[in-house]
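Undergrad: In the working numbering, the protein residues as written are 87 to 347. After the structure tokens below, expect a handful of questions from me.
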């Protein structure tokens, strides 16, 4: 299942570098899974998405380090290491580094995928992600290093929201609008063109912007909301069973030890 396993694997870090063709700069719950499918259909794959990051602790660890890195030159090297082998990107956490990617990949096209209404986006994002930013997730996943890293990454996201946008509520309509404005401003500084795109626009504007032929099939319309609900249940079940096993083993050892007292 997406976000839990990754059939693509990590790839070979020593393989020849491929050019990054497209930066899908939009936030999650702005059709990022549809954008991933669209980019790959248009020959701009593989596309890095959060679903290819969460199953790999080594990627999570490096993303956390990159978010904490203040030196832009060092951070850009880390980002290039992270997205090595990918021709496009979308979704968190890699979109946090959009300005770095604009500098590191001056020929990459920039697509700002958006939702029609910031308030609708905020409601959708809150419903999908609240658990993974809550103390419940921390305690449930405390016994798993990968879960702890994901929680740490989420806390770094909150810190970034405070630092850049003046708010710890990274799922607010205001933060969503500020983020999109920042992407446009950073692109303007570099004289870079940005396609502001919504999944409802279909293939035509995206293909025209990327210089690709329009596919005959409909534009991908994927929705990860239900998937995230299942992922949440899996993490809760895994965490509860781990704590039960730990307490069971502790109780068993105590019982054995008491026999010899």
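We put the beta carbon where it would ideally sit given N, CA and C, even for glycine.
Residue 115 and residue 211 - do their beta-carbons sit closer together than 7 Å?
TA: A contact, by the Cβ cut-off of 7 Å.
Undergrad: Using CA atoms only, rank isn't needed, just tell me which of 87, 229 and 109 is closest to residue 179.
TA: Checked all of 87, 229 and 109; the closest Cα to residue 179 is 109.
Undergrad: Rounded to whole angstroms, what's the CA-CA distance from residue 294 to residue 196? Just pull it up for me.
TA: Cα to Cα, the separation comes out at about 13 Å.
Undergrad: Kindly list the residues whose CB is nearer than 6 Å to the CB of residue 298, restricted to its own chain and excluding five residues on each side of it in sequence; keep chain order.
TA: Once the five neighbours on either side are set aside, the close Cβ partners of residue 298 are 128.
Undergrad: Helix, strand or coil: which one does DSSP assign to residue 121?
TA: Three-state result, residue 121: helix.
Undergrad: Mind checking who residue 108 pairs with in its DSSP beta bridge?
TA: Per DSSP, 174 and 195.
Undergrad: Are the CB atoms of residue 218 and residue 240 nearer to each other than 7 Å?
TA: A contact, by the Cβ cut-off of 7 Å.
Undergrad: Taking C-beta to C-beta, are residue 177 and residue 235 nearer than 7 Å?
TA: Not a contact, by the Cβ cut-off of 7 Å.
Undergrad: How should residue 221 be labelled, buried or exposed, when 16 other C-beta atoms within 10 angstroms of its C-beta is the threshold for buried?
TA: Under this definition residue 221 is an exposed residue.
Undergrad: For chain E, is any of its Cβ atoms less than 7 Å away from the one on residue 315?
TA: The structure shown contains no chain E, having only a single protein chain.
Undergrad: Could you spell out where the alpha helix (DSSP H) holding residue 282 opens and where it closes?
TA: Per DSSP, residue 282 belongs to no alpha helix (DSSP H); it is in the beta strand (DSSP E), 280-283.
Undergrad: Exposed or buried, residue 319, counting other C-beta atoms within 10 Å across all chains shown (16 or more means buried)?
TA: Classification for residue 319: exposed.
Undergrad: Could you tell me the distance, in whole angstroms, from the CA atom of residue 181 to the CA atom of residue 337?
TA: Residue 181 and residue 337: Cα-Cα distance of roughly 46 Å.
Undergrad: Can you tell which of 119, 90 and 101 has its C-alpha closest to the C-alpha of residue 285?
TA: For residue 285, the nearest C-alpha among the options comes from 119.
Undergrad: Can you find the residues in the same chain that come closer than 7 Å, C-beta to C-beta, to residue 107, ignoring five residues on each side of it along the sequence?
TA: Here the set comprises 130, 173, 174, 194 and 195.
Undergrad: Using a Cβ-Cβ cut-off of 7 Å (strictly less than) and excluding sequence neighbours within five positions of residue 186, which residues of its own chain qualify?
TA: Excluding residues within five positions, the ones whose Cβ falls inside 7 Å are 158, 161, 162 and 165.
Undergrad: Where residue 254 and residue 327 are concerned, what is the direct C-alpha to C-alpha distance, given to the nearest angstrom?
TA: Their backbone Cα atoms lie some 32 Å apart in a straight line.
Undergrad: Extract the residue ranges of the alpha helix (DSSP H) inside the stretch 250-276, only unbroken runs of 4 or more that lie entirely within it.
TA: The stretch 250-276 contains these whole alpha helix (DSSP H) runs: 259-275.
Undergrad: Quick one: give me the first and last residue of the alpha helix (DSSP H) that residue 130 is part of.
TA: Run containing residue 130: none; DSSP gives neither H nor E here.
Undergrad: Tell me whether residue 227 is buried or exposed, calling it buried when 16 or more other Cβ atoms sit within 10 Å of its Cβ.
TA: With 16 or more other Cβ atoms within 10 Å, it is buried.
Undergrad: Report the three-state DSSP secondary structure of residue 328 (helix, strand or coil).
TA: The answer is helix: DSSP assigns residue 328 an H, G or I state.
Undergrad: Using the three-state DSSP reduction, which class does residue 297 fall into: helix, strand or coil?
TA: Correct three-state label for residue 297: coil.
Undergrad: Taking all protein chains shown into account, decide if residue 169 is buried (16 or more other Cβ within 10 angstroms of its Cβ) or exposed.
TA: With 16 or more Cβ atoms within 10 Å of its Cβ, residue 169 is classed as buried.
Undergrad: For the alpha helix (DSSP H) that contains residue 208, what are its first and last residues?
TA: It spans 204-215 - the alpha helix (DSSP H) in which residue 208 sits, taken as one unbroken run.
Undergrad: Beta-carbon within less than 6 Å of residue 201's beta-carbon, same chain only, minus the 5 sequence neighbours each way: which residues are those?
TA: So the list reads 116 and 207, once near-sequence residues are dropped.
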